[in-house]
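Numbering (my numbering), first residue to last: 113 to 274. Glycine included, every Cβ here is placed at the ideal spot set by N, Cα and C. Comments concern the structure below.
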């Protein structure tokens, strides 16, 4: 087991997924351009939805990449984690729109697993992670994200408790 790498990745995942939320609180509606540009998919629903913004993705990638060296990882790993986490988040939003979930609604597992699994898989070779490392990291992220989301809601950082 690579416990140090798992902890480092969990810290970066927390930053990658939390930065868009903090950016929304700091900037409000400023710079909140939807990533999908309002495109409607062939099923008549938005591609990702208005809550997935260029601001959030850009902030996530910049902050996570810049923070990686502070916890002993290369800038490249920070960029990989942020990019893959955002791809996982977009994947979740895309699937939720196809399943007709309202924007910003909760879909247990779909909201947590892709945004942690994709980065863990992307870092598998560079950090020599095993399948057990990845499974442990995703499991810890899943539980931690549920707890942290509720705490951030209670202190008025998140708009929803999930």
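Pick from the options that is closest to residue i, judged by C-alpha positions
i, options, result
"residue 268", "137, 113 and 122", "137"
"residue 179", "156, 194, 149 and 169", "194"
"residue 255", "135, 201 and 223", "223"
"residue 203", "158, 122 and 143", "158"
"residue 128", "190, 156 and 142", "190"
"residue 218", "261, 171, 124 and 116", "261"
"residue 253", "114, 119 and 113", "119"
"residue 187", "174, 198, 197 and 196", "174"
"residue 133", "116, 125, 168 and 197", "168"
"residue 271", "235, 124 and 215", "215"
"residue 135", "163, 155, 117 and 116", "163"
"residue 208", "197, 221 and 196", "221"
Limits of the alpha helix (DSSP H) - the one that residue i falls within
i, result
"residue 231", "225-234"
"residue 237", "That residue, residue 237, is in no alpha helix (DSSP H); it is neither H nor E in DSSP."
"residue 165", "Counting along the chain, residue 165 falls outside any alpha helix (DSSP H), and DSSP gives it neither H nor E."
"residue 302", "With the chain represented from 113 up to 274, any question about residue 302 goes unanswered, as that position is not in the structure."
"residue 132", "115-139"
Buried or exposed (CB count within 10 angstroms, at least 16 for buried), residue i
i, result
"residue 181", "exposed"
"residue 153", "exposed"
"residue 184", "exposed"
"residue 259", "exposed"
"residue 148", "buried"
"residue 257", "buried"
"residue 172", "buried"
"residue 165", "buried"
"residue 247", "exposed"
"residue 150", "exposed"
"residue 124", "buried"
"residue 140", "exposed"
"residue 156", "exposed"
Cut-off 7 Å between Cβ atoms - residues of its own chain near residue i, not counting five sequence neighbours on either side
i, result
"residue 250", "225, 228, 229 and 232"
"residue 213", "219"
"residue 235", "121, 189, 192, 193 and 241"
Inter-residue Cα distance where the pair is residue i and residue j
i, j, result
"residue 145", "residue 206", "17 Å"
"residue 210", "residue 200", "15 Å"
"residue 170", "residue 161", "17 Å"
Close-in-space but distant-in-sequence residues of the same chain around residue i (CB under 6 Å, 5 per side omitted)
i, result
"residue 274", "218 and 261"
"residue 196", "230, 231 and 234"
Close-in-space but distant-in-sequence residues of the same chain around residue i (CB under 8 Å, 5 per side omitted)
i, result
"residue 114", "239, 240, 241, 242 and 245"
"residue 122", "249, 252, 253 and 256"
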